[in-house]
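Be aware that the sequence shown starts at 1, since it is given in UniProt numbering, and climbs by one per residue. Backbone N, C-alpha and C fix where the C-beta goes; we use that ideal spot for every residue, glycine too. Predicted, not measured: the structure shown is a model, and the values here were computed from it.
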Amino acid sequence: MTFPERFSNLPEYAFPRLRSLLDAHAPGGEVTHMTIGEPRHAMPPFVGDVLAENLSGFAKYPNNNGTDDLLSAIAGWLDRRFGVMVSPATDIMALNGTREGLMNACIALCPEHKNGKQPVVLTPNPFYQVYAVAAVTVGAEPVFVPAMRETGFLPDYAGLPAETLERTSIAYICSPSNPQGAIASRAYLRDLIALAEKYDFKVFSDECYSEIYRDEAPVSALEVARDMGADPERVVIFHSLSKRSNLPGLRSGFVASGPENISHIRRLRAYSGAPLPAPIQAVSARVWADEDHVIASRKLYAEKFDMADEVFSGIQGAEAPQAGFFLWLPVNDGEEAAMKLWTETGVRVLPGAYLSRDVNGDNPGKHYIRVALVAPKEETQRGLIRLRDCLYG
Numbered sequence: 001m002t003f004p005e006r007f008s009n010l011p012e013y014a015f016p017r018l019r020s021l022l023d024a025h026a027p028g029g030e031v032t033h034m035t036i037g038e039p040r041h042a043m044p045p046f047v048g049d050v051l052a053e054n055l056s057g058f059a060k061y062p063n064n065n066g067t068d069d070l071l072s073a074i075a076g077w078l079d080r081r082f083g084v085m086v087s088p089a090t091d092i093m094a095l096n097g098t099r100e101g102l103m104n105a106c107i108a109l110c111p112e113h114k115n116g117k118q119p120v121v122l123t124p125n126p127f128y129q130v131y132a133v134a135a136v137t138v139g140a141e142p143v144f145v146p147a148m149r150e151t152g153f154l155p156d157y158a159g160l161p162a163e164t165l166e167r168t169s170i171a172y173i174c175s176p177s178n179p180q181g182a183i184a185s186r187a188y189l190r191d192l193i194a195l196a197e198k199y200d201f202k203v204f205s206d207e208c209y210s211e212i213y214r215d216e217a218p219v220s221a222l223e224v225a226r227d228m229g230a231d232p233e234r235v236v237i238f239h240s241l242s243k244r245s246n247l248p249g250l251r252s253g254f255v256a257s258g259p260e261n262i263s264h265i266r267r268l269r270a271y272s273g274a275p276l277p278a279p280i281q282a283v284s285a286r287v288w289a290d291e292d293h294v295i296a297s298r299k300l301y302a303e304k305f306d307m308a309d310e311v312f313s314g315i316q317g318a319e320a321p322q323a324g325f326f327l328w329l330p331v332n333d334g335e336e337a338a339m340k341l342w343t344e345t346g347v348r349v350l351p352g353a354y355l356s357r358d359v360n361g362d363n364p365g366k367h368y369i370r371v372a373l374v375a376p377k378e379e380t381q382r383g384l385i386r387l388r389d390c391l392y393g
């Protein structure tokens, strides 16, 4: 199959689909955007100063894998946050946000064949769409595993047939999950890593929402793998400053794993990747080293979680999540709900089906909408009240 043919069956990306659905219709009130997960809390106050101090770095080619200062700052954060000690020299690579890493790690680490057959890449359903595109890019078969209320909004990979698991090369997991905000427990991750050890596949753990939570801090798959004594090459984790530090435009994150995995990812980066500019790396190092702004931002999200609980009190299934910053709200039909909400109130949300795939005629996101809690508290509250009154009144 040629490269263009592989992509011919991919559905249109979620946000162009949303524009096609809504933009021909006038909003029914003051426009309130609650679709995109773009944090709008204040970024760390020192970012501008650090950037200005390092402007001369734009005159030089940047370090491809990350400067020593940046990699050391990331390693220090992993130790403080998860108690995991990694080598900055061999176990980490800086990323242009997690999307780059989630895509390129699959290209670098997925084999052409598994047990003489087409490899399988497992992904939750619904999911961050780059997981499926990465699988298609490498010629693997993406297998979409429902992450529904019945499974704790996490995929039950252990329930797959043995013949599928024997072909599996990579399993994506997102914790806290996007869009549902479910946290993978230590036991869940332990079972998943044990399954990966049994069937010899890698776990790609997308942890970019790990610092936005209500009560208990999420664990990392790398932390669980260490505690199990699992092969350090078994788990690859991805983190970003976009959500943690309200810096989506910085395009800065990292991937961490065992040295063999990282060497392969670095080799791909050397040929086809785009390293972070040196001034961005300097800013990133400072941001990973600071926790005060993270705590302040998490407090603001906690206030919005509590507010959402109050707004939707008594509406079954509409409780705010454990973590992340999306509401995953039940409706009869996501597209119909998004259209009604837009044309009657001006509130703009994303149909859940746009984040999912049909499997055997069923789309696990069809009966949901995703609502981002990223705007200031007062704006968010107004939008949620209008949403509630329109869809649940």
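Continuous beta strand (DSSP E) stretch holding residue i: start and end
| i | result |
| --- | --- |
| residue 438 | Because residue 438 is not part of the residues shown, which for the chain are 1 to 393, the question remains open. |
| Glu-53 | That residue, Glu-53, is in no beta strand (DSSP E); its alpha helix (DSSP H) goes 47-53. |
| Ala-94 | 92-95 |
| Phe-58 | Run containing Phe-58: none; DSSP gives neither H nor E here. |
| Ser-72 | Not the beta strand (DSSP E): Ser-72 falls in the alpha helix (DSSP H), residues 68-82. |
| Gly-153 | Looking at the sequence itself, residue 153 is Phe, so the reference to Gly does not match. No beta strand (DSSP E) contains Phe-153, which DSSP labels as neither H nor E. |
| Ser-205 | 202-206 |
Near the ligand PLP: residue i beta-carbon under 8 Å from a heavy atom
| i | result |
| --- | --- |
| Gly-314 | Ligands in the displayed structure: none, and consequently the ligand PLP is not present. |
Burial state of residue i (16 or more Cβ within 10 Å)
| i | result |
| --- | --- |
| Gly-361 | exposed |
| Lys-243 | buried |
| Pro-248 | buried |
| Leu-10 | exposed |
| Asn-65 | buried |
| Glu-82 | With the sequence shown as reference, residue 82 is identified as Phe, and Glu is not the correct amino acid for it. Phe-82 is buried by the Cβ-count criterion. |
| His-113 | exposed |
| Pro-321 | buried |
| Phe-127 | buried |
| Gln-316 | exposed |
| Ser-205 | buried |
| Val-31 | exposed |
| Pro-111 | exposed |
| Ile-295 | exposed |
| Asp-91 | buried |
| Tyr-131 | buried |
| Gln-118 | exposed |
| Arg-269 | buried |
| Phe-15 | exposed |
| Ala-59 | exposed |
Residue i - DSSP class collapsed to helix/strand/coil
| i | result |
| --- | --- |
| Thr-123 | strand |
| Cys-390 | helix |
| Met-339 | helix |
| Val-287 | helix |
| Met-103 | helix |
| Leu-350 | strand |
| Met-228 | helix |
| Ile-237 | strand |
| Tyr-213 | strand |
| Thr-345 | helix |
| Ala-323 | strand |
| Ile-173 | strand |
| Thr-35 | coil |
| Arg-244 | helix |
| Pro-218 | coil |
| Pro-44 | coil |
Segment limits, alpha helix (DSSP H) that includes residue i
| i | result |
| --- | --- |
| Lys-299 | 292-311 |
| Pro-188 | It should be noted that the sequence gives Tyr, not Pro, for residue 188. Note, Tyr-188: alpha helix (DSSP H), 186-199. |
| Glu-141 | Note, Glu-141: premise wrong, no alpha helix (DSSP H); beta strand (DSSP E) at 141-146. |
| Pro-130 | Before going further, note that residue 130 is Val rather than Pro in the sequence given. Per DSSP, Val-130 belongs to the alpha helix (DSSP H) from 130-137. |
| Ile-183 | Note, Ile-183: premise wrong, no alpha helix (DSSP H); not H, not E. |
| Pro-259 | 259-272 |
| Ala-14 | 14-22 |
Bridge partner(s) assigned by DSSP for residue i
| i | result |
| --- | --- |
| Leu-329 | Ile-369 |
| Thr-168 | Val-120 |
| Thr-380 | For Thr-380, which the question treats as bridged, DSSP gives no partner whatsoever. |
| Asp-362 | Val-359 |
| Lys-114 | Lys-117 |
Quiz item: At a cut of 8 Å, does the segment 302-320 reach the segment 80-96 through at least three beta carbon pairs?
Solution: In the pairwise beta carbon analysis, the segment 302-320 is classified as not touching the segment 80-96: fewer than three pairs are separated by under 8 Å.
Quiz item: Looking at C-beta atoms only, is the number of pairs between the segment 41-61 and the segment 266-286 that lie closer than 8 Å three or more?
Solution: Short answer: they touch.
Practice problem: Indicate whether the contact test is met: 3 or more Cβ pairs, each with one atom in the segment 24-36 and one in the segment 214-233, closer than 8 Å. | Solution: Contact between the segment 24-36 and the segment 214-233 is absent, because fewer than three Cβ pairs lie under 8 Å.
Quiz item: Can you find at least 3 beta carbon pairs, one from the segment 120-128 and one from the segment 162-176, that sit closer than 8 Å?
Solution: By the Cβ criterion, the segment 120-128 is in contact with the segment 162-176, since at least three pairs of Cβ atoms, one from each stretch, lie closer than 8 Å.
Quiz item: Between the segment 69-83 and the segment 97-108, are three or more C-beta pairs nearer than 8 Å?
Solution: No, the segment 69-83 does not touch the segment 97-108.
Quiz item: Are at least three pairs of beta-carbons, each pair with one atom in the segment 180-191 and one in the segment 137-144, less than 8 Å apart?
Solution: Using a C-beta cut-off of 8 Å, the segment 180-191 makes no contact with the segment 137-144, since fewer than three inter-stretch Cβ pairs fall below that distance.
Quiz item: Do the segment 35-50 and the segment 232-246 touch if we need at least three Cβ pairs shorter than 8 Å?
Solution: Yes: the two stretches touch, three or more of their Cβ pairs being nearer than 8 Å.
Quiz item: Does the segment 323-335 touch the segment 356-373, meaning 3 or more C-beta pairs lie closer than 8 Å?
Solution: Three or more beta-carbon pairs separated by less than 8 Å link the segment 356-373 to the segment 323-335, which places the two stretches in contact.
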